[in-house]
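Undergrad:
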Amino acid sequence: MKGERMGFFEYLFENYDLAIVELLNHLKIIAIALPIAIGVGVPIGIFVSRNKRLAGITLYLASVLMTVPSLALFGIMVVLLAPLKAGIGVIPAVIALVIYSLLPVIRNTVVAVGSVDRRMIEAARGMGMTNRQILFRISLPLTIPTIMAGVRNAAVMGVSVATIAYLIGARGLGYFIFAGLGRSRFGMIMLGAIMVSALGIGMNYGLLWLEEAITPKGLKIERGK
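Position 104, counted from 1, in the sequence shown is what full-length UniProt numbering calls 104; the numbers after and before it change by one each time, with no gaps.
#1: Between the alpha carbons of residue 96 and residue 184, how many angstroms are there, rounded?
#2: Taking the alpha-carbon positions, what's the residue 16 to residue 119 distance?
#3: Near residue 88, which residues of its chain fall below 7 Å by C-beta distance, leaving aside the five closest residues on each side in sequence?
#4: Can you give the Cα-Cα distance for residue 20 and residue 90, rounded to whole angstroms?
#5: Roughly how many whole angstroms lie between the Cα atoms of residue 137 and residue 38?
#6: For the alpha helix (DSSP H) containing residue 85, name the first residue and the last one.
#7: Between the stretch 41–55 and the stretch 157–165, do at least 3 Cβ pairs fall closer than 8 Å?
#8: Taking just the CA atoms, how far does residue 26 sit from residue 200?
#9: Please give the ranges of any beta strand (DSSP E) in the stretch 107–174, keeping only runs that are unbroken, at least 3 residues long and fully inside the region.
#10: Starting from residue 204, follow the alpha helix (DSSP H) in both directions and report where the run begins and ends.
#11: For the stretch 96–114 against the stretch 177–191, are there 3 or more C-beta pairs whose distance is under 8 Å?
#12: For a quick check, are the C-beta atoms of residue 174 and residue 102 less than 9 Å apart?
#13: For my contact list, residue 134 and residue 112 are in at a C-beta cut-off of 8 Å; report their separation, rounded to the angstrom.
#14: So, using beta-carbon positions, are residue 34 and residue 154 closer together than 9 Å?
#15: Alpha carbon to alpha carbon, what distance is there between residue 166 and residue 86?
#16: So that I know if they touch, is there some Cβ in chain B lying closer than 9 Å to that of residue 143?
#17: Helix, strand or coil for residue 49? Go by DSSP, reduced to three states.
#18: Specify the secondary structure class of residue 41 as computed by DSSP and reduced to three states.
#19: Do you know offhand how far residue 127's Cα is from residue 53's?
#20: Taking a contact to mean a Cβ-Cβ separation below 9 Å, would you say residue 81 touches residue 92 in this structure?
#21: Looking only at C-alpha atoms, which of 213, 125, 12, 66 sits nearest to residue 157?
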């Protein structure tokens, strides 16, 4: 290690292997939490969208959970999971990310399903389609862009929340920021901040590409028109 004033590029050159390891740790947390949030949030959004009162209560509860500060939520997870010997590390970080991701996923799913033209649904029923067929052949394809917007919000937010998860032993890119602050190391702080920012931007554009790939061609709107 050099002195306190080691520059960003010098620190990166000497610790690029550690940067890759912590990037993979960061991605592991998100890769576990995001699919769980989608797998839980989308079905809940579809189910409650049939009842406005139930949808309102569900969204209210999800918004209340989201207003809990991340450090406080991590602290709660540590206490609740301590008897199971899982209060420190990836598990509480994943649970916290899932909780934070539920609101944008559920909200966008409710909005998306509710925006489907009822005349299309009635026409499908008139053609003899079952509720399951209507859901998978009409409703979900029409709602992909809106649901994916919620998934993108959840993913980008998850990148930042996973950074704080370093404080409960989950590792990740938060190591460079918090350890750098503790040691007054400008290079470490800059490396962490730049990598977290780049990861957030990359996740957003990666999911935009996925959205473009899975959206039916007939529903795509050419940008710029």
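Ideal placement from N, C-alpha and C gives every residue a C-beta, glycine not left out.
Please read all numbers here as calculations on a predicted model, not as lab measurements.
TA: Reading from the atomic positions:
#1: Position 96 of the sequence shown, counting from 1, holds the residue named residue 96. Position 184 of the sequence shown, counting from 1, holds the residue named residue 184. The straight-line gap from Cα to Cα measures roughly 29 Å.
#2: Numbered from 1 along the sequence shown, position 16 holds the residue referred to as residue 16. Numbered from 1 along the sequence shown, position 119 holds the residue referred to as residue 119. Distance between the alpha carbons of residue 16 and residue 119 is about 57 Å.
#3: In the sequence shown, counting from the first residue as 1, residue 88 sits at position 88. Same-chain partners within the cutoff: 78, 168, 169.
#4: For the purposes of this step, residue 20 is taken as the residue at position 20 of the sequence shown. For the purposes of this step, residue 90 is taken as the residue at position 90 of the sequence shown. Taking the straight line joining both Cα atoms gives about 18 Å.
#5: Taking the first residue of the sequence shown as 1, we reach residue 137 at position 137. Taking the first residue of the sequence shown as 1, we reach residue 38 at position 38. Looking at the two C-alpha atoms, the distance is approximately 19 Å.
#6: Numbered from its first residue, the sequence shown carries residue 85 at position 85. The continuous stretches of alpha helix (DSSP H) do not include residue 85, and DSSP gives it neither H nor E.
#7: no
#8: Position 200 of the sequence shown, counting from 1, holds the residue named residue 200. Position 26 of the sequence shown, counting from 1, holds the residue named residue 26. Roughly 11 Å between the two C-alpha positions.
#9: Those beta strand (DSSP E) runs which fall completely within the stretch 107–174 and span 3+ residues do not exist here.
#10: Mapped onto the sequence shown, residue 204 falls at position 204. 186–214 is the span of the alpha helix (DSSP H), which, as asked, contains residue 204.
#11: no
#12: Within the sequence shown, residue 174 is the residue found at index 174, counting from 1. Within the sequence shown, residue 102 is the residue found at index 102, counting from 1. No, the Cβ-Cβ distance between residue 174 and residue 102 is not below 9 Å.
#13: Numbered from its first residue, the sequence shown carries residue 134 at position 134. Numbered from its first residue, the sequence shown carries residue 112 at position 112. 14 Å between Cβ atoms; not a contact.
#14: Taking the first residue of the sequence shown as position 1, residue 34 is located at position 34. Taking the first residue of the sequence shown as position 1, residue 154 is located at position 154. In contact: residue 34 and residue 154 (Cβ atoms closer than 9 Å).
#15: Looking up residue 86 in the sequence shown gives position 86. Looking up residue 166 in the sequence shown gives position 166. Rounded to whole angstroms, residue 86 to residue 166 spans 15 Å at the Cα level.
#16: Any reference to chain B falls outside this structure, which holds one protein chain only.
#17: Counting from 1 along the sequence shown, the entry for residue 49 is found at position 49. Under the three-state reduction of DSSP output, residue 49 falls in the coil class, being neither helix nor strand.
#18: Start at 1 with the first residue of the sequence shown, and residue 41 comes out as number 41. DSSP places residue 41 in helix when its eight states are reduced to three.
#19: As a first step, residue 127 must be located in the sequence shown, where it is residue number 127. As a first step, residue 53 must be located in the sequence shown, where it is residue number 53. Whole-angstrom Cα-Cα distance: 30 Å.
#20: Within the sequence shown, residue 81 is the residue found at index 81, counting from 1. Within the sequence shown, residue 92 is the residue found at index 92, counting from 1. The answer is yes: Cβ separation under 9 Å.
#21: On the sequence shown, position 157 is the one that residue 157 refers to. Selected option, being the one with the closest Cα: 66.
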